[in-house]
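One structure below.
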Amino acid sequence: MDPTVPNPGDHAASTPTNTTVTLPPLTLRDAPRLPASPSGATAVPNPISSHPYFHPPPTFYISPGDVSLRHAFFDLSSGSPNPLVAYRRAGPRESLAVNPARARAALVTCGGLCPGLNTVLRELVVGLHELYGVLDVFGVAAGYRGFYGADDDHVRLDPASVDDWHKKGGTALKTTRGGFDLNKIVDGIVARGYTQVYAIGGDGTMRGAVAIFEEFKRRGLRISITGIPKTVDNDIGIIDRSFGFQTAVEIAQQAIDAAHVEAVSAVNGIGLVKLMGRSTGHIALHATLSSRDVDCCLIPEIDFHVEGKGGLFEFLYERIKKKGHAVVVVAEGAGQEVIPRTDDQKREQDESGNMLFLDVGPWLKSELGRWWKREHPTELFTVKYIDPTYMIRAVPANATDNLYCTLLAHSAIHGIMAGFTGFVPGPINGNYSYIPLEDIAVAKNPVDVNDHKWAWVRSVTDQPDFLKP
Ligand SMILES: Nc1ncnc2c1ncn2[C@@H]1O[C@H](COP(=O)(O)OP(=O)(O)OP(=O)(O)O)[C@@H](O)[C@H]1O
Ligand SMILES: O=P(O)(O)OC[C@H]1O[C@](O)(CO)[C@@H](O)[C@@H]1O
Ligand SMILES: [Mg+2]
3 MDPTVPNPGD HAASTPTNTT VTLPPLTLRD APRLPASPSG ATAVPNPISS
53 HPYFHPPPTF YISPGDVSLR HAFFDLSSGS PNPLVAYRRA GPRESLAVNP
103 ARARAALVTC GGLCPGLNTV LRELVVGLHE LYGVLDVFGV AAGYRGFYGA
153 DDDHVRLDPA SVDDWHKKGG TALKTTRGGF DLNKIVDGIV ARGYTQVYAI
203 GGDGTMRGAV AIFEEFKRRG LRISITGIPK TVDNDIGIID RSFGFQTAVE
253 IAQQAIDAAH VEAVSAVNGI GLVKLMGRST GHIALHATLS SRDVDCCLIP
303 EIDFHVEGKG GLFEFLYERI KKKGHAVVVV AEGAGQEVIP RTDDQKREQD
353 ESGNMLFLDV GPWLKSELGR WWKREHPTEL FTVKYIDPTY MIRAVPANAT
403 DNLYCTLLAH SAIHGIMAGF TGFVPGPING NYSYIPLEDI AVAKNPVDVN
453 DHKWAWVRSV TDQPDFLKP
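In our numbering, the protein residues as written are 3 to 471.
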């Protein structure tokens, strides 16, 4: 790295210049591979080459050396990430390490719902059948516990049976939380002869997939596993975004619009909308930026206090005095530190061990109502509270997410057939890549409140920090 790289302003404005910069070494975070076949079977040509309609040109296949960079930009004057990290590029390989005729695939969905789950399932089934001729494809019912469930928890799937799944919200396989019994799951996978597992879920599902991958290795099993990251919250790191997120933001607009109409139609009206986002505020932030009707956006990454000088309620009062109304968007994980909680509530968890949150929406509504009555008893006031929580995730994916789900599913299949395992397909700076599952399982994606996005929120809402003086 040459720290003396000149700034653009150092050159004559009309003259482009070439400056040679030395970059730090490149580290390839490679996706793991299946162990070699004990029968010594060698690579199989990709059946796409003999597919009647594809006629792949020489540039169609990803070469063994193709990688994509994790960081697409950095500051030459302060140093680039050292080392630079690269991942394998996703896509079809010319030869396969897996014989499609002997492959038996299991698909499973875990955790909460997310728009696009059914599209990923559909495209996995269709892609395995049509691109690679893998005919033994099974849906495993109701999350990880389905692997050690009854026979009818394992349903054979083919292109005809999944034909219209992309038009439906939810997951046709059903989903659950908890029930992660590693030995029983791996025993179930072995007993049914599965050779490849596609686990679709959020951060918990990815951690479960890492454990299954490690157990495959420990037992010396030649079974591959890939995790397809799903979360409306967009809280998974490294990848550009998770599928379903954009659909959720789009549907959230309807709730914000309604809150706005209610607020402007009342005397001193406030419209309050709670959106999903357990530990990250991406949905609230993007919905705020898209809507432009929001006066205040509260997310888990930012502390706020409600009463007193510089508090939220005083700000809302002033906004109402100025505009006649105000719209507040709050993420479900925001304000958890300020809501009083009993010892029992502190211990409450869901079946997967995720902490159960107190409901910030009704709490804010009642605190605000009480405060207004006390501070401004003679002035009319209305809060209309809208909670579209499950509405924004229980819908079919929009066009952008449907396309994204298709590319994710195909990337997953190509990787598995090429012999990769223990990986997650995902776009990094727009380039589909194979990222080790263990990296994804720990990578978080909080809203960076110091970057441009939060500054955009401020420029739209004109909101201060609600910090205690
Ligand atoms: N650390 C872990 N090790 C093994 N399995 C886990 C781990 N964490 C969660 N799981 C399992 O993964 C599955 C899904 O986890 P969880 O309910 O937390 O949803 P998720 O995948 O994080 O999705 P969501 O985004 O909806 O929260 C559950 O069966 C859970 O038991
Ligand atoms: O009520 P459920 O289904 O357990 O899921 C709720 C959680 O799932 C998510 O949608 C995804 O993690 C969170 O936003 C939310 O806290
Ligand atoms: Mg989770």
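Backbone N, C-alpha and C fix where the C-beta goes; we use that ideal spot for every residue, glycine too.
Residue j beta carbon less than 9 Å from that of residue i
| i | j | result |
| --- | --- | --- |
| Ile418 | Ser226 | yes |
| Cys112 | Thr177 | yes |
| Val234 | Ala257 | no |
| Pro94 | Ala250 | no |
| Gly428 | Ala211 | no |
| Gly145 | Gly203 | yes |
| Asp450 | Trp456 | yes |
| Gly273 | Ala254 | no |
| His284 | Asn236 | yes |
| Gly141 | Leu123 | yes |
| Pro102 | Val128 | no |
| Phe315 | Pro466 | no |
| Arg35 | Ala99 | yes |
| Leu126 | Ile394 | no |
| Met278 | Ala333 | yes |
| Arg90 | Ala143 | no |
| Gly172 | Pro49 | no |
| Gly271 | Thr380 | no |
Residue nearest to residue i in terms of C-alpha spacing, selected from the options
| i | options | result |
| --- | --- | --- |
| His1 | Gly246, Gly210, Gly113 | Residue 1 lies beyond the range of the chain shown here (3 to 471); nothing can be said about it. |
| Glu400 | Asp450, Lys186, Thr121, Pro466 | For the record, residue 400 in the displayed sequence is Asn; it is not Glu. When each option's Cα is compared against that of Asn400, the closest is Thr121. |
| Asn433 | Ala92, Leu123, Pro83 | Ala92 |
| Thr29 | Ala443, Leu86, Tyr55 | Leu86 |
| Leu25 | Thr207, Leu36, Asn84 | Asn84 |
| Thr21 | Lys170, Leu78, Val69 | Leu78 |
| Leu382 | Lys323, Asp259, Val426 | Lys323 |
| Arg179 | Val444, Ser51, Leu115 | Leu115 |
| Gly310 | Val110, Ile50, Lys470, Ala143 | Lys470 |
| His412 | Thr17, Ala38, Ile230 | Ile230 |
| Glu339 | Glu320, Ala33, Phe359, Thr207 | Phe359 |
| Glu303 | Gly421, Ala15, Arg321, Asn447 | Asn447 |
| Ala265 | Arg321, Leu175, Asn452 | Arg321 |
| Asn431 | Ser70, Leu366, Ala213 | Ser70 |
| Leu133 | His57, Arg158, Val157 | His57 |
| Leu137 | Ser41, Ser163, Thr207, Leu119 | Ser163 |
heavy atom of ligand 3 below 8 Å from residue i C-beta
| i | result |
| --- | --- |
| Asn356 | yes |
| Thr205 | Here the sequence assigns Asp to residue 205, which means Thr is not the residue at that position. Answer for Asp205: yes, Cβ within range of ligand 3. |
| Thr233 | yes |
| Gly363 | no |
| Gly113 | yes |
Check: residue i C-beta below 8 Å from any heavy atom of ligand 2
| i | result |
| --- | --- |
| Met419 | no |
| Gly279 | yes |
| Leu287 | no |
| Asp441 | no |
| Val321 | Inspection of the sequence shows that residue 321 is occupied by Arg rather than by Val. False, no ligand heavy atom lies under 8 Å from that Cβ. |
| Phe182 | no |
| Cys299 | no |
| Asp403 | no |
| Glu1 | Summary: the structure shown does not reach residue 1, with the chain confined to residues 3 through 471, and so no result is reported for it. |
| Asp1 | Look at the range of the chain in this structure, 3 to 471, and you will see that residue 1 is not part of it. |
Check: residue i C-beta below 8 Å from any heavy atom of ligand 4
| i | result |
| --- | --- |
| Arg395 | Looking for ligand 4 in the displayed structure turns up nothing; the ligands present are ligand 1, ligand 2 and ligand 3. |
Residue i: CB within 8 Å of a non-hydrogen atom of ligand 1
| i | result |
| --- | --- |
| Arg220 | no |
| Ala213 | yes |
| Gly283 | no |
| Glu350 | no |
| Glu353 | yes |
| Gly371 | no |
| Thr178 | yes |
Residue-level contact to chain B via CB, residue i, 9 Å cutoff
| i | result |
| --- | --- |
| Ile415 | The structure shown has no chain B; it contains just one protein chain. |
_Segment contact flag, the stretch 67-79 with the stretch 101-118, C-beta cutoff 8 Å, min 3 pairs_ = With the cut-off at 8 Å, the stretch 67-79 and the stretch 101-118 do not touch.
*What are the start and end residues of each continuous beta strand (DSSP E) run of 3 or more residues lying completely inside the stretch 194-260, in chain order?*
198-203, 226-231
*asked:* Across the stretch 143-161 and the stretch 429-444, are there enough close Cβ pairs to call them in contact, namely three or more that are closer than 8 Å?
replied: no
*So does the stretch 352-360 actually touch the stretch 238-253, counting three or more Cβ pairs closer than 8 Å?*
Taking 8 Å as the limit for Cβ pairs, the verdict is that the stretch 238-253 does not touch the stretch 352-360.
*Could I get the ranges of all uninterrupted alpha helix (DSSP H) runs contained in the stretch 300-379, with 4 residues as the minimum, in chain order?*
314-325, 345-349, 362-377
_Cβ pair count under 8 Å reaching 3, the stretch 325-337 against the stretch 289-304_ = yes
_Ranges of the alpha helix (DSSP H) found wholly within the stretch 117-194, counting only runs of at least 4_ = 119-134, 184-193
*Quick check: the stretch 57-67 against the stretch 377-394, are there 3 or more CB pairs under 8 Å?*
These segments do not touch.
*Taking 8 Å as the threshold, find out whether the stretch 335-348 comes into contact with the stretch 189-206 through three or more Cβ pairs.*
With a cut-off of 8 Å, the stretch 189-206 and the stretch 335-348 do not count as touching, because too few Cβ pairs lie within range.
*At least three beta-carbon pairs within less than 8 Å, the stretch 180-188 to the stretch 206-223*: yes
*Any chance you could list the alpha helix (DSSP H) runs of at least 4 consecutive residues sitting entirely within the stretch 73-116, in chain order?*
none
*asked:* Threshold first: 4 residues or longer. Then list the alpha helix (DSSP H) segments lying entirely within the stretch 401-462, N to C.
replied: 401-420, 439-444
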